[in-house]
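Colleague: Numbered per full-length UniProt numbering, the sequence shown spans residues 1 to 65.
All C-beta atoms, glycine included, are put in the ideal place defined by N, C-alpha and C.
Small disclaimer: the values here were computed from a predicted structure and weren't measured.
Below is a structure I'd like to ask you about.
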Amino acid sequence: MASSPTRTGILIGAVAALTWVAFGFWAFVFVAVAMAIGALVGRIVEGKLDVSALVGAFRGKRSSS
């Protein structure tokens, strides 16, 4: 069975909801932040995110590319 973005989204939502129910709001926030950081690192490793452009965006530099 192939993985699809919809199934991945459902799995992520289920993990987040179960975390909230089982451990409370702050555990949910921690899991959500950890998942976002993991996604960011994954994009960098795959080469789908330009780190220098990201740093420039945080510094307030604009780029049209």
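So, with DSSP's three-state summary, where would you put residue 52?
Modeller: Start at 1 with the first residue of the sequence shown, and residue 52 comes out as number 52. Correct three-state label for residue 52: helix.
Colleague: Return helix, strand or coil for residue 43, following the three-state DSSP convention.
Modeller: One-based indexing of the sequence shown puts residue 43 at position 43. It is helical.
Colleague: Along the chain, where does the alpha helix (DSSP H) that runs through residue 7 open and close?
Modeller: Locating residue 7 in the sequence shown gives position 7, where the first residue counts as 1. 5-23 is the extent of the alpha helix (DSSP H) around residue 7.
Colleague: Would you kindly work out how many angstroms separate the C-alpha atoms of residue 6 and residue 20, rounded to a whole number?
Modeller: The residue you call residue 6 lines up with position 6 of the sequence shown. The residue you call residue 20 lines up with position 20 of the sequence shown. Near 21 Å, if we compare the C-alpha coordinates of residue 20 and residue 6.
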